[in-house]
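Chemist: If you're matching them up, the sequences are chains A and B in order.
Note that the first sequence covers residues 1 to 156 in my numbering.
Note that the second sequence covers residues 1001 to 1265 in my numbering.
Cβ atoms here follow ideal geometry from the backbone N, Cα and C, with glycine treated the same way.
Bear in mind that the values here come from a model prediction, so they are computed numbers and not experimental data.
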Amino acid sequence: MNLNLTLFAQALAFAALIWLIATKIWPPLLKAIEERQAKIAEGLAAADRAKQELADADARVTEEIRKARIEASALIEKAQQQAAAIIEKARVDAIVEGTKQKAIASAEIESMATRAREELRGQVAALAVAGAEKILKREIDANAHKALIDQLVGEI
Amino acid sequence: MATAHELTPTQYIQHHLHNLTGSVGEGTFMTLHVDTLATSVLMGLFMVFLFWLATRKATSGVPGKWQAFVEICLEFVDRQARDTYHGTSKLVTPIAITLFFWILLMNLLKMIPADFIAKPLELLGVPYWKPVPTADVNATLGMSISVFFLMLFFALRSKGLGGFTHEFLTAPFGKWMMPFNLILNIVEWLSKPISLAMRLFGNMFGGEIVFLLIWVLGGAGIAGMLAGAAFGFGWMIFHLLVIPLQAFIFMMLSIVYLSLSEDSH
């Protein structure tokens, strides 16, 4: 407990240390801390903003998708109508064409049948003539009996 | 423990409680405790150096590990200061930081067994070396008197000379009890720095004596050495609590006193 000048020396050292801390250490550190706080606050605000923006964008996208879907379904409907119309027209055309082809074909068949019948008739007449010839064992003048043969042919 | 073989335990303890003095003038007052000053200044500069390591490249971005640690420490003290002191002064936090960490570092020197420091210095021709500055009443009083003048300064700044004098004479009993007020206030103001200094000094000095007693035991043969090691370890563990606690109390009370001196009654 011997008090002496050390006391004042210690007080001076204390004052010097306070000065050092108050000028060189604490202000720059506090500044850094406060700047960081500001930065973090800014970052949090930015994150909030970004979240809001994202929500907005999501809403916009949903709206766009909804619109696109409506548009697409309208397009599909239109396409289906068109397709139906085309098919209908094709069917009608096909029927018309088919009928036409059938008519042509039946006409051809008719003419071929007629021709065949004519031919057959001619051949039968020839055969009849040949037969009669054999039966009569004599020459029949084809021209003289033409009227008779034609009559026979007509009867076949 | 070579000294213990040559000295009686009392002499050993007294030897270790003796400061290295340097006379700078006439009379017993004009001496300096060289060991107290050297270690306290060393610890103060060490503290500033540790903080400077963190602040020289202080960044507001991602801090380095050391910067983060120093920030945690200083913000802890800053929070205590802000919670207690509501005035405008920007000086309170630096005062609190200086007090807490300086006292903490000085107290921590107690963890080094006294002879580890004293013996090598004795070989270098230094006869006495008391390593813990806070176990020297000059050091603690030096700080608490500084705090006392800071209290005066804070009081005068916030109240003015007239207001301070008026309050000194009239609080707490009103102007008709002026002499009692004066006596009470003088006692109140003087008791603050003295109690601050004595609390820290008493704790550290007492702890130091117990440490020295344990080291005396450590000088008494093999069994004594083992017992001394065990007791020394226990006492060190206990001081792990006492050392920061005393530093914290000194800092906290200083802030409270500074805050009170600004408040008007």
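Kindly list the residues whose CB is nearer than 7 Å to the CB of Val-1256/B, restricted to its own chain and excluding five residues on each side of it in sequence; keep chain order.
Modeler: Cβ neighbours of Val-1256/B beyond the five flanking positions: Thr-1084.
Chemist: Tell me the DSSP secondary structure of Ser-1023/B in three-state form.
Modeler: Three-state result, Ser-1023/B: strand.
Chemist: When you compare only the Cα positions, how much space is there between Asn-1138/B and Leu-1037/B?
Modeler: If I take the Cα positions, the gap works out to 10 Å.
Chemist: Check the DSSP bridge columns for Ile-1031/B and list the partner residues they point to.
Modeler: Rather than Ile, the amino acid found at residue 1031/B in this sequence is Thr. Looking at the DSSP assignment, Thr-1031/B forms a beta bridge with Ser-1023/B.
Chemist: Please report the straight-line C-alpha distance between Phe-1051/B and Leu-44/A, rounded to a whole angstrom.
Modeler: Roughly 30 Å separates the two Cα atoms.
Chemist: So which residues of chain A does Leu-1032/B contact, with C-beta pairs closer than 8 Å?
Modeler: The answer, in chain order, is Asn-4, Leu-5, Thr-6, Ala-9.
Chemist: For chain B, is any of its Cβ atoms less than 9 Å away from the one on Leu-44/A?
Modeler: Not closer than 9 Å to any Cβ of chain B, the Cβ of Leu-44/A fails to qualify, so no.
Chemist: Rounding to the nearest angstrom, what Cα-Cα distance links Leu-1121/B and Leu-1258/B in this structure?
Modeler: Spanning the two alpha carbons is a distance of roughly 40 Å.
Chemist: Starting from Trp-1102/B, find everything on chain A with Cβ-Cβ shorter than 7 Å and list it in chain order.
Modeler: Leu-17, listed in chain order.
Chemist: At the level of alpha carbons, what is the spacing between Phe-1116/B and Lys-1130/B?
Modeler: Approximately 11 Å, taken between the alpha carbons.
Chemist: Taking DSSP as the reference, what is the three-state secondary structure of Met-1001/B?
Modeler: With a pLDDT of 42 at Met-1001/B, under the threshold of 50, the modelled position of that residue is not reliable, and the figure given next carries that caveat. Correct three-state label for Met-1001/B: coil.
Chemist: What residues in the stretch 1111-1141 of chain B bring their beta carbon closer than 9 Å to a beta carbon of chain A?
Modeler: If the cut-off is 9 Å between Cβ atoms, the stretch 1111-1141 of chain B has Pro-1133, Asp-1136, Val-1137, Asn-1138, Ala-1139, Thr-1140, Leu-1141 near chain A.
Chemist: Determine the closest residue to Thr-1140/B out of Glu-1075/B, Gln-1246/B, Thr-1021/B, with distance taken between C-alpha atoms.
Modeler: The option with the nearest alpha carbon to Thr-1140/B is Gln-1246/B.
Chemist: Leu-1143/B versus chain A: which residues are under 8 Å apart at the beta carbon?
Modeler: This sequence places Met at residue 1143/B; Leu is not what is there. Here the neighbours are Gln-10, Ala-11, Phe-14.
Chemist: Should Thr-1039/B be listed as close to the ligand COA, given that the test is whether its C-beta is under 8 Å from any heavy atom?
Modeler: Ligands displayed in this structure: none; no statement on the ligand COA is therefore possible.
Chemist: Should the stretch 28-39 of chain A be called in touch with the stretch 1046-1062 of chain B, which here means at least 3 C-beta pairs below 8 Å?
Modeler: The answer is yes - the stretch 1046-1062 of chain B touches the stretch 28-39 of chain A, with three or more Cβ pairs under 8 Å.
Chemist: Which whole-angstrom value describes the C-beta separation of Gln-1014/B and Met-1252/B, a residue pair presumed to lie in contact below a C-beta threshold of 8 Å?
Modeler: That pair is no contact at about 34 Å.
Chemist: Distance, Cα to Cα, Leu-3/A vs Trp-1176/B?
Modeler: Each residue's Cα considered, the two are about 39 Å apart.
Chemist: Pull up the CB-CB distance for Trp-1235/B and Phe-1211/B, whole angstroms please, since I reckon it's below 8 Å.
Modeler: Sure, about 6 Å apart at Cβ, within 8 Å.
Chemist: Which residue marks the beginning of the alpha helix (DSSP H) containing Gly-1224/B, and which one marks its end?
Modeler: Its alpha helix (DSSP H) spans residues 1221-1262.
Chemist: Please classify Gly-1218/B as buried or exposed, where buried requires at least 16 other C-beta atoms within 10 Å of its C-beta.
Modeler: By the neighbour-count rule (16 or more Cβ atoms within 10 Å), Gly-1218/B is buried.
Chemist: Please identify, using Cβ separations under 9 Å, the residues of the stretch 20-33 of chain A that lie next to chain B, in order along the chain.
Modeler: Residues Leu-20, Ile-21, Ala-22, Thr-23, Lys-24, Ile-25, Trp-26, Pro-27, Pro-28, Leu-29, Leu-30, Lys-31, Ala-32, Ile-33.
Chemist: Rounded to the nearest angstrom, how far is the Cβ of Met-1043/B from that of Met-1111/B, given a contact under 8 Å?
Modeler: Not really, about 13 Å apart at Cβ, beyond 8 Å.
Chemist: Cα separation between Thr-1003/B and Gln-1011/B?
Modeler: Caution is warranted here: a pLDDT of 46 is assigned to Thr-1003/B, below 50, making its placement in the model unreliable, and no coordinate value can be reported.
Chemist: If we call anything under 9 Å between Cβ atoms a contact, is Ala-22/A one with Pro-1009/B?
Modeler: Not a contact, by the Cβ cut-off of 9 Å.
Chemist: Please check the pair Met-1204/B and Ala-1135/B, which I expect to be a contact at CB under 8 Å, by giving their CB distance rounded to whole angstroms.
Modeler: Confirmed, about 4 Å.
Chemist: Taking buried to mean at least 16 other C-beta atoms within 10 Å of its own C-beta, is Pro-1172/B buried or exposed?
Modeler: The residue is exposed, with fewer than 16 neighbouring Cβ atoms inside 10 Å.
Chemist: Quick check on the burial criterion: 16 or more other C-beta atoms within 10 angstroms. Buried or exposed for Trp-1215/B?
Modeler: Buried, by the Cβ-count rule.
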